[in-house]
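I have placed the structure first, in the form of structure tokens, so that the comments after it can refer back to it.
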Ligand code: PBG
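In the numbering used here, the protein residues as written are 9 to 331.
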């Protein structure tokens, strides 16, 4: 019983029909905008490969966050650029660090915008790795206490969610223990559970000034060839107490998003990273793609694969189109 009885085109004939049978929707409340915060006032330093994205001081950051809130964007994800870097990244847990000050300002001015903080040492260490070094290698266990301290400091400032992205083994448990010991049993952990060693982070490292001075991150981030391993990472993080998990990057890893979606019941976030954003902009600038449509199609694909939350530099533009 196929053609001519079955004609799938019948339901595609008009936009109202297509709308009626549409399977995937994106709500602005599911989008999260990453922000890069540094010291000073009135500072706005554009990032070359990320049109419209800038490092800003807290006052300028508030303007971007307010624009996001006005468009119904669900939350922001904060990255800090410290004044001074050192071997252990001590500014990561400074009470007056850029992220801590940004969180306080956001919770004061825009209490309904969810504030997520990226918990990692790479922006704060002078060598640019996500953990402390011992004999030229990233020392997993010595790093745990430091990222836990950073997470507690973010939570004390008022962060709604902390999101560890360092890919050290055992960090979720270490952070959970530290938060609970600090009387913050209610602070959720969104774990970057399946984070790949990806070339698509290139523009971000300019934005966050976090390029490793030597070597790369392949000793702790995942091999792009592995998908089963992502399920293992997710299972371990959930065991350790993660409240939600993330797959990153998003677009080139839709299969991983779909597999994690099927394997878990917790909220799943996907991070459309800087390189994915830059590629769409670069092609649009040359007139090779319709940038707005590429933006919406890429986000729809990430939702269709199973992501509940999408972290994207397009958050404001996409939300504006969804209204
Ligand atoms: C590490 C971190 C990175 C990104 C988010 N958190 C970069 C890295 O691991 O090198 C990448 C985000 C992006 O490319 O947009 N703290």
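From the three backbone atoms N, C-alpha and C, an ideal C-beta is built for every residue, glycine too.
Which of helix, strand or coil DSSP assigns to residue 87:
Numbered from its first residue, the chain shown carries residue 87 at position 79. Of the three classes helix, strand and coil, the one that applies to residue 87 here is strand, per DSSP.
State whether the region 50-63 contacts the region 25-40, with contact taken as three or more CB pairs (one from each stretch) at a distance under 8 Å.
Counting Cβ pairs under 8 Å, fewer than three are found: no touch.
Residue 92 to residue 188, Cα distance in whole Å?
Within the chain shown, numbered from 1, the residue matching residue 92 stands at position 84. Within the chain shown, numbered from 1, the residue matching residue 188 stands at position 180. Cα to Cα, residue 92 sits roughly 30 Å from residue 188.
Would you kindly work out how many angstroms separate the C-alpha atoms of residue 33 and residue 88, rounded to a whole number?
On the chain shown, residue 33 is found 25 positions in, with the first residue counted as 1. On the chain shown, residue 88 is found 80 positions in, with the first residue counted as 1. Taking the straight line from one Cα to the other gives about 32 Å.
Contact test: residue 212 Cβ vs ligand 1 heavy atom, cutoff 6 Å:
Within the chain shown, residue 212 is the residue found at index 204, counting from 1. At least one heavy atom of ligand 1 is nearer than 6 Å to the Cβ of residue 212, so yes.
Less than 6 Å separating the Cβ of residue 253 from some heavy atom of ligand 1?
Position 245 of the chain shown holds residue 253. No, since every heavy atom of ligand 1 falls outside the 6 Å radius drawn around the Cβ of residue 253.
For residue 259, which of 98, 155, 314 and 109 has the nearest alpha-carbon?
Taking the chain shown and counting its residues from 1, the one referred to as residue 259 is at position 251. Among 98, 155, 314 and 109, the Cα nearest to that of residue 259 is on 314.
Contact between the region 77-86 and the region 138-158: three or more CB pairs below 8 Å?
no
Can you grab the Cα-Cα spacing for the pair residue 236 / residue 243, in whole Å?
For the purposes of this step, residue 236 is identified with residue 228 of the chain shown, where counting begins at 1. For the purposes of this step, residue 243 is identified with residue 235 of the chain shown, where counting begins at 1. In a straight line, the C-alpha of residue 236 is about 11 Å away from that of residue 243.
Please state whether the Cβ-Cβ distance between residue 136 and residue 220 is less than 7 Å.
Taking the first residue of the chain shown as 1, we reach residue 136 at position 128. Taking the first residue of the chain shown as 1, we reach residue 220 at position 212. Between residue 136 and residue 220, the C-beta spacing is below 7 Å.
So residue 44 is in the beta strand (DSSP E); what residue range does that whole segment cover?
Mapped onto the chain shown, residue 44 falls at position 36. Unbroken beta strand (DSSP E) run through residue 44: 39-46.
Hey, is residue 281 close to ligand 1, as in C-beta under 6 Å from one of its heavy atoms?
The residue you call residue 281 lines up with position 273 of the chain shown. Yes, the Cβ of residue 281 comes within 6 Å of a heavy atom of ligand 1.
Between the region 218-233 and the region 272-285, can you find at least three pairs of beta-carbon atoms closer than 8 Å?
no
Helix, strand or coil at residue 172 [DSSP, three-state]:
The residue given as residue 172 occupies position 164 in the chain shown. Residue state, collapsed to three classes: strand.
Are the region 281-298 and the region 314-324 touching, with three or more C-beta to C-beta distances below 8 Å?
yes
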